[in-house]
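Structure, as structure tokens:
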Amino acid sequence: MDEALLDAHLRAIRAAIIAVALALLAISVNLGSLGLGGTLLAATAIGFIMYSVAPSSFASKTDA
Numbered sequence: 851m852d853e854a855l856l857d858a859h860l861r862a863i864r865a866a867i868i869a870v871a872l873a874l875l876a877i878s879v880n881l882g883s884l885g886l887g888g889t890l891l892a893a894t895a896i897g898f899i900m901y902s903v904a905p906s907s908f909a910s911k912t913d914a
């Protein structure tokens, strides 16, 4: 696969992950009165955002 095409796909996947995470974060804010459930949902959303913004810090580093 072409390098530019692969990069474009990865950017699209990251954008989709951020969109889902922001939706989860919005839901968790609305469900904040549920206590632990809302907190866990918010933590999951923040984890998705962190993973998609800085995947190199989570991925294993291998030399090609």
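Here the sequence shown stands for residues 851 to 914, where the numbers follow this note's numbering.
Glycine included, each C-beta is placed from N, C-alpha and C at the ideal position.
Computed from a predicted model, the values in this text were never measured in an experiment.
Proximity of residue i and residue j at Cβ, strictly below 8 Å
i           : j           : result
leucine 891 : serine 902  : no
leucine 875 : alanine 862 : no
Residue-chain proximity (residue i, chain C), Cβ-Cβ < 8 Å
i              : result
isoleucine 868 : Checking the listed chains, one finds no chain C in this structure; it contains a single protein chain.
Top-ranked residue by Cα proximity to residue i, from the options
i                 : options                   : result
phenylalanine 898 : Arg861, Glu853 and Val870 : Val870
Neighbourhood of residue i by C-beta, 8 Å cutoff - its chain only, sequence neighbours within 5 removed
i           : result
leucine 855 : none
Sequence-distant residues of the same chain with beta carbon closer than 7 Å to residue i, five excluded per side
i              : result
isoleucine 868 : Ile899 and Ser902
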